[in-house]
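Trainee: I am attaching a structure below and will ask some questions about it afterwards.
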Amino acid sequence: MIQLDGVSLNYKDDIPLLENVNLHIPQGGFCWLTGPSGVGKSTLLRMLHLEKKSSTGLVTILDTPTNHARRSILCKLKQRIGMVYQDFRLIPNLTVFDNVALPLRLQHSDEETVQRWTMRILGWMGLEHKKYVYPKFLSGGEQQRISIARAVIHRPNLLLADEPTNALDDYQVKRLMDLFYDLNDLGCTIIIATHNDALIRQFPAPRLKLENGQLWTSDAV
Ligand SMILES: Nc1ncnc2c1ncn2[C@@H]1O[C@H](COP(=O)(O)OP(=O)(O)O)[C@@H](O)[C@H]1O
Ligand SMILES: [Mg+2]
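At position 36 of the sequence shown the residue is numbered 36 (full-length UniProt numbering), and the sequence of numbers has no breaks.
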């Protein structure tokens with residue numbers, strides 16, 4: 001479960017991106033996060049990923065109140081979250097394989113599991129042949145797929161995906177959404193930020209619309 005109680009969010013003295021917002025998303029929820037460019041979608045996802053603190057209010061992630069939680073609790077909690085960054089954020093001095101394997105290694109998975117799962121997801125993405133390649137030699141679409149593989153490899157309980165389809169073609173978008181639906185069927189809560197209305201129409205799900213510091217919820221259309 002994700003819950004926000006009276007949450008405000010802003011950068012330094014800037015106008016608030018969220019202002020006294022309440023929100024409840026049950027475990028296993030699936031929703032779009034929408035709103036025009038610059039409204040604060042990426043910042044909100046970063047807050048849910050425990051990278052940015054709210055200015056006021058209570059933030060509960062995966063049933064864990066985070067405001068006064070110890071660092072060790074927050075570290076463990078973060079390992080249960082998958083994040084697809086809008087700008088991919090692959091680690092430049094790690095190969096494709098090591099980028100994707102990172103969440104498993106942070107969880108101290110044994111090397112056989114790391115090898116098996118990493119090759120499996122790379123195969124699914126059609127990128128096994130790139131496993132020794134460094135990110136700067138990949139196309140935008142390849143980087144996006146690697147970023148998605150890294151976000152899902154450890155079967156997170158919460159997946160936050162920031163414009164995850166921008167660099168993908170129609171066929172890859174359909175496969176990616178199937179992957180997200182499969183994860184969701186396994187109980188993973190999924191929030192996907194997009195400014196692409198056509199995408200939402202193609203894959204209907206409830207919406208969180210960010211506007212004027214408020215989050216408006218609406219059912220699938
Ligand atoms: N690190 C930062 N420091 C200060 N302002 C920022 C920072 N990141 C984003 N912003 C500002 O916050 C606002 C929301 O940005 P963002 O969350 O990226 O919006 P969206 O993802 O909806 O396009 C924008 O006005 C942006 O310029
Ligand atoms: Mg953004």
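Built from N, CA and C at the ideal position, the CB exists for glycine as well.
#1: State whether the region 23–36 contacts the region 198–217, with contact taken as three or more CB pairs (one from each stretch) at a distance under 8 Å.
#2: Contact check, Ile148 vs Pro164 under 8 Å by CB: the rounded distance?
#3: Whole angstroms is fine: what's the gap from Asn212's alpha carbon to Ser42's?
#4: Is Asp63 near ligand 2, in the sense that its beta carbon is under 8 Å from a heavy atom of that ligand?
#5: Starting from the N-terminal end, write out each residue whose C-beta falls within a distance shorter than 5 Å of any non-hydrogen atom of ligand 1.
#6: Secondary structure at Leu17, three-state DSSP: helix, strand or coil?
#7: Name the residue from Glu142, Leu44 and Arg207 whose alpha carbon lies nearest to the alpha carbon of Asn10.
#8: Does any residue of chain B have a CB that is nearer than 9 Å to the CB of Cys188?
#9: Specify, as a first and last residue, the run of the beta strand (DSSP E) that Leu186 falls within.
#10: What runs of the alpha helix (DSSP H), each 4 residues or longer, lie entirely inside the region 26–82?
#11: Who are the Cβ neighbours of Asp63 in its own chain at under 7 Å, not counting the five residues just before and after it?
#12: Using a Cβ-Cβ cut-off of 8 Å (strictly less than) and excluding sequence neighbours within five positions of His195, which residues of its own chain qualify?
#13: Taking the alpha-carbon of Leu106 as reference, which of Pro26, Lys76 and Leu23 has the nearest alpha-carbon?
#14: Let me know the secondary structure DSSP gives Asn22 once reduced to three states.
#15: Who pairs with Ile153 in a beta bridge, going by DSSP?
Mentor: On the basis of the supplied data:
#1: Touching, yes, given that three or more Cβ pairs across the two stretches are closer than 8 Å.
#2: By one-based count along the sequence shown, residue 148 stands at place 148. By one-based count along the sequence shown, residue 164 stands at place 164. The distance from the Cβ of Ile148 to that of Pro164 is about 6 Å, consistent with a contact at the 8 Å cut-off.
#3: Numbered from 1 along the sequence shown, position 212 holds the residue referred to as residue 212. Numbered from 1 along the sequence shown, position 42 holds the residue referred to as residue 42. Answer to the nearest angstrom: the Cα atoms are 15 Å apart.
#4: Numbered from its first residue, the sequence shown carries residue 63 at position 63. Answer for Asp63: no, Cβ out of range of ligand 2.
#5: Tyr11, Ser37, Gly38, Val39, Gly40, Lys41, Ser42 and Thr43
#6: Position 17 of the sequence shown holds residue 17. In the structure shown, Leu17 sits in coil (DSSP, three-state: anything other than H, G, I, E or B).
#7: Mapped onto the sequence shown, residue 10 falls at position 10. Per the Cα distances, Leu44.
#8: In summary, chain B is missing from the structure at hand, where a single protein chain is found.
#9: Translated into positions along the sequence shown, residue 186 becomes position 186. Leu186: not part of any beta strand (DSSP E); DSSP gives it neither H nor E.
#10: 41–48 and 71–78
#11: Along the sequence shown, read from residue 1 onward, the residue named residue 63 stands at position 63. Only Met1 meet the Cβ criterion.
#12: The residue labelled residue 195 in the question sits at position 195 within the sequence shown. Closer than 8 Å at the Cβ level, and outside the excluded window around His195, lie Thr34, Gly35, Pro36, Ser37, Lys41 and Glu163.
#13: Translated into positions along the sequence shown, residue 106 becomes position 106. The shortest C-alpha separation from Leu106 is found at Lys76.
#14: Residue 22 sits at position 22 when you count from the first residue of the sequence shown. Reduced to three states, the DSSP call for Asn22 is strand.
#15: Working through the sequence shown from its first residue, we reach residue 153 at position 153. Partner(s): none; Ile153 has no beta bridge.
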